């Protein structure tokens, strides 16, 4: 199965995890604590499976990539995500998806210059990613520099 499809499905699972998209006031029968516990259980199961796969096959760049995505999206584990992305990039330095995901984690850590570099490298490999580059609220709009570096 195409890794982008798997990544999209993973993001859908994360986004639709109980409580992730719930309204602020909740819905009838909505129990935020139960939903968070279910989401956390899903996270733990995913990390456990990915750790087992990485132990079996440390050369599996996709497992490192997906573990990084889970770490980035749960409990602000951005540094841990960066370690996973670096492991994946050591195996496949030209993987645009991993470079882009690393940029997101760097962005979350407010390491914007490093993030911009990752976004630019990813967009040079896959120009279609340029539309997903995050934008600053400041007038300089960092994504413009990314677009220029990517040839856009």
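Numbering (my numbering), first residue to last: 7 to 158.
Using N, Cα and C, we set each Cβ at its ideal position, and we do this for glycine too.
Computed from a prediction, not measured in an experiment: that's the story for all the values here.
Proximity of residue 77 and residue 90 at Cβ, strictly below 8 Å: Start at 1 with the first residue of the chain shown, and residue 77 comes out as number 71. Start at 1 with the first residue of the chain shown, and residue 90 comes out as number 84. Closer than 8 Å, so yes.
The region 115 to 123 touching the region 91 to 99, judged by at least three CB pairs closer than 8 Å: no
Identify whether residue 77 lies in helix, strand or coil by the three-state DSSP scheme. As a first step, residue 77 is located in the chain shown; it is residue number 71 there, counting from the start. In the structure shown, residue 77 sits in a helix (DSSP, three-state: H, G or I).
Three-state secondary structure (DSSP) at residue 65? What you label residue 65 is simply residue 59 of the chain shown in a count that begins at 1. Looking at residue 65 - three-state DSSP - the assignment turns out to be coil, as it is neither helix nor strand.
Out of 65, 137 and 130, which has the shortest C-alpha to C-alpha gap to residue 6? The question about residue 6 has no answer here: the residues shown for the chain are numbered 7 through 158.
First and last residue of the uninterrupted alpha helix (DSSP H) at residue 95: Position 89 of the chain shown, counting from 1, holds the residue named residue 95. Segment 84 to 97, the alpha helix (DSSP H) holding residue 95.
Relative to the alpha-carbon of residue 49, which residue among 64, 66, 82 and 63 has its alpha-carbon at the smallest distance? Numbered from 1 along the chain shown, position 43 holds the residue referred to as residue 49. The option with the nearest alpha carbon to residue 49 is 82.
Looking only at C-alpha atoms, which of 110, 136, 79 and 102 sits nearest to residue 46? Residue numbering aside, residue 46 sits at position 40 when the chain shown is read from its first letter. The shortest Cα separation from residue 46 among 110, 136, 79 and 102 belongs to 79.
What is the DSSP secondary structure of residue 117, reduced to helix, strand or coil? On the chain shown, position 111 is the one that residue 117 refers to. Looking at residue 117 - three-state DSSP - the assignment turns out to be coil, as it is neither helix nor strand.
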